[in-house]
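Participant: Position one of the sequence shown corresponds to residue 767 (the working numbering), numbered consecutively onward.
Have a look at this one before I ask anything.
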Amino acid sequence: MLKITEISKTFNQGTINEKRALCKVSLTMQDGDFATIVGSNGAGKSTLFNAIAGTFITDEGSIILDGKDITFEKEHRRSRMIGRLFQDPLMGTAPHMSIEENLSVAYLRASAEKTSFFGKIAQDFTGITAKERKVFREKLSLLNMGLEDRMENPVGLLSGGQRQALTLLMATIVTPRLLLLDEHTAALDPATADKVLDLTKRVVQEKNITCLMITHNMKQALELGNRTLMMDSGRIILDIQGEERKHTSVEDLLELFAKNAGAALDNDRILLSSEKAV
């Protein structure tokens, strides 16, 4: 369970560039919750993810993950519990390392005990055993992209879609307590984006992972997962789920945003995706 209580963050305090990025944000996610997040640029979506991941320490409030207070935990320690994918397919992997080396590093980072799949102490990712290679191959085959036959290839040779699929596998190779998806299909072509999104839904559902996903697609925001959040000016202004969500259309969502934010949504990417979805 994720419990965020009144976290706030102001950047460049006391200067002309002072910016209140998060304003007393509170959010509770139950185990297995999958919430989509929409909002204009600067609404605080990625800043919220950065706060959860430990990119910076919040000015106030608390972040509890599975009963553990991680409010002041270092980012590298949180990465053992939190998986994260970014919009840019180039992030999250080491391009000059092979596919199997990237997978090995991901496992070691997520493993608090720093042990291999088979219990021995792993000294470094270069000592990949035959058994570990077999496990990696089996997991890669589930992606249906042929990557299991390219395990020694540098990740930099992969396409954007292949790289995002690999990054998703790396983020979930040890089931994380929380998965953060920051528009992870936005930079992909539509066909590849759909494939990565289908893979995401399958992995999240099979492993019952608590997940937060930022999207600019209003239709996706209502169809994926079990909750829809809307952010504006560093605040969560809408949180719908259950029967209310089932009967909410994209047009309803835009009206609710305008009502709760005090102004109509003015993000072109979101509005264009909404026009296609209505």
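All C-beta atoms, glycine included, are put in the ideal place defined by N, C-alpha and C.
1. Measure the CB-CB distance between residue 975 and residue 849 and report whether it falls below 9 Å.
2. Measuring straight from C-alpha to C-alpha, what distance separates residue 1023 and residue 809?
3. Does the Cβ of residue 822 have 16 or more other Cβ atoms within 10 Å, making it buried, or fewer, making it exposed?
4. Mind checking residue 842: buried by the 16 CB within 10 Å criterion, or exposed?
5. Give me the Cβ distance between residue 997 and residue 805, rounded to the nearest whole Å; I'm assuming they're in contact under 8 Å.
6. Please classify residue 811 as buried or exposed, where buried requires at least 16 other C-beta atoms within 10 Å of its C-beta.
7. Please state whether the Cβ-Cβ distance between residue 818 and residue 829 is less than 9 Å.
8. Rounded to whole angstroms, what's the CA-CA distance from residue 950 to residue 992? Just pull it up for me.
9. Taking 9 Å as the threshold (C-beta atoms), are residue 787 and residue 978 in contact?
10. Per the contact definition of three or more C-beta pairs closer than 8 Å, is the region 1008-1016 in contact with the region 780-798?
11. Given the structure, does residue 830 come close to the ligand FMN, in the sense that its CB is under 8 Å from one of the ligand's heavy atoms?
12. I need the straight-line Cα distance from residue 825 to residue 901, nearest angstrom please.
13. Please go through the region 956-1006 and give each complete alpha helix (DSSP H) segment of 4 or more residues, from N-terminal end onward.
14. Is the Cβ-Cβ distance between residue 986 and residue 963 less than 9 Å?
15. Given residue 886, which residues of its chain have a CB within under 8 Å of its CB, disregarding the five upstream and five downstream residues?
16. On a CA-only basis, which of 875, 813, 870 and 1015 is nearest residue 852? Give me that one, please.
17. From residue 872 to residue 1029, what does the alpha carbon distance come to, in whole angstroms?
18. Alpha carbon to alpha carbon, how far is residue 827 from residue 833?
19. Roughly how far, in whole angstroms, is the beta-carbon of residue 969 from the beta-carbon of residue 934, given that I think they are within contact range, below 8 Å?
20. Report the residue from 898, 924, 836 and 919 whose alpha carbon sits nearest the alpha carbon of residue 856.
21. If I measure Cβ to Cβ from residue 959 and keep anything under 7 Å in the same chain, skipping five residues before and after, which residues do I get?
22. Taking C-alpha atoms, which residue in 874, 779 and 831 lies nearest to residue 1052?
23. Using the DSSP secondary-structure output, state which residues sit across from residue 948 in a beta bridge.
24. Leaving out the 5 sequence neighbours to the left and right, which residues in its chain are closer than 6 Å to residue 917 when beta-carbon positions are compared?
25. Taking DSSP as the reference, what is the three-state secondary structure of residue 1018?
26. Going by Cα to Cα distance, which pick from 782, 780, 785 and 774 is closest to residue 815?
Facilitator: A quick look at the data gives this:
1. On the sequence shown, position 209 is the one that residue 975 refers to. On the sequence shown, position 83 is the one that residue 849 refers to. Cβ distance < 9 Å, so residue 975 and residue 849 count as in contact.
2. On the sequence shown, position 257 is the one that residue 1023 refers to. On the sequence shown, position 43 is the one that residue 809 refers to. Pairing residue 1023 with residue 809, the inter-Cα distance amounts to about 12 Å.
3. On the sequence shown, residue 822 is found 56 positions in, with the first residue counted as 1. With fewer than 16 Cβ atoms within 10 Å of its Cβ, residue 822 is classed as exposed.
4. By 1-based counting over the sequence shown, the position of residue 842 is 76. Exposed, since its Cβ has fewer than 16 Cβ neighbours within 10 Å.
5. Along the sequence shown, one-based indexing puts residue 997 at 231. Along the sequence shown, one-based indexing puts residue 805 at 39. Rounded to the nearest angstrom, the Cβ distance from residue 997 to residue 805 is 4 Å, consistent with a contact under 8 Å.
6. If you number the sequence shown from 1, residue 811 lands on position 45. Looking at its Cβ environment, which holds 16 or more other Cβ atoms inside 10 Å, residue 811 is buried.
7. As a position in the sequence shown, residue 818 is number 52, starting the count at 1. As a position in the sequence shown, residue 829 is number 63, starting the count at 1. Yes, they are a contact pair.
8. The count along the sequence shown starts at 1 and reaches residue 950 at position 184. The count along the sequence shown starts at 1 and reaches residue 992 at position 226. Rounded to whole angstroms, residue 950 to residue 992 spans 19 Å at the Cα level.
9. As a first step, residue 978 must be located in the sequence shown, where it is residue number 212. As a first step, residue 787 must be located in the sequence shown, where it is residue number 21. Not closer than 9 Å, so no.
10. Two segments are said to touch when three or more pairs of C-beta atoms, one from each, lie closer than 8 Å; by this definition the region 780-798 does not touch the region 1008-1016.
11. As for the ligand FMN, it is missing from this structure, which has no ligand bound.
12. Taking the first residue of the sequence shown as 1, we reach residue 825 at position 59. Taking the first residue of the sequence shown as 1, we reach residue 901 at position 135. Distance between the alpha carbons of residue 825 and residue 901 is about 43 Å.
13. 956-973 and 984-989
14. Walking along the sequence shown from the start, residue 986 turns up at place 220. Walking along the sequence shown from the start, residue 963 turns up at place 197. A contact, by the Cβ cut-off of 9 Å.
15. Taking the sequence shown and counting its residues from 1, one reaches residue 886 at position 120. Here residue 886 scores only 43 on pLDDT, less than 50, and its place in the model should not be relied on; the value that follows carries that caveat. Here the set comprises nothing.
16. Taking the sequence shown and counting its residues from 1, the one referred to as residue 852 is at position 86. Per the Cα distances, 813.
17. As a first step, residue 872 is located in the sequence shown; it is residue number 106 there, counting from the start. As a first step, residue 1029 is located in the sequence shown; it is residue number 263 there, counting from the start. Answer to the nearest angstrom: the Cα atoms are 43 Å apart.
18. As a first step, residue 827 is located in the sequence shown; it is residue number 61 there, counting from the start. As a first step, residue 833 is located in the sequence shown; it is residue number 67 there, counting from the start. The alpha-carbon atoms of residue 827 and residue 833 are separated by roughly 15 Å.
19. Reading the sequence shown from its first residue, position 203 is the one you call residue 969. Reading the sequence shown from its first residue, position 168 is the one you call residue 934. That pair is a contact at about 6 Å.
20. Stepping through the sequence shown from its first residue, residue 856 is reached at position 90. With distances taken between Cα atoms, residue 856 lies closest to 924.
21. As a working mapping, residue 959 is identified with position 193 in the sequence shown. Result list for residue 959: 951, in chain order.
22. Absent from the structure is residue 1052, since the part of the chain shown begins at 767 and ends at 1044.
23. Mapped onto the sequence shown, residue 948 falls at position 182. Note: residue 948 sits in a beta bridge opposite 980.
24. The residue you call residue 917 lines up with position 151 of the sequence shown. Contacts found: 865 and 866.
25. Here residue 1018 refers to the residue found at position 252 of the sequence shown. In the three-state DSSP reduction, residue 1018 falls in the helix class (H, G or I).
26. Against the sequence shown, residue 815 aligns to sequence position 49. Minimum Cα distance to residue 815 is reached at 774.
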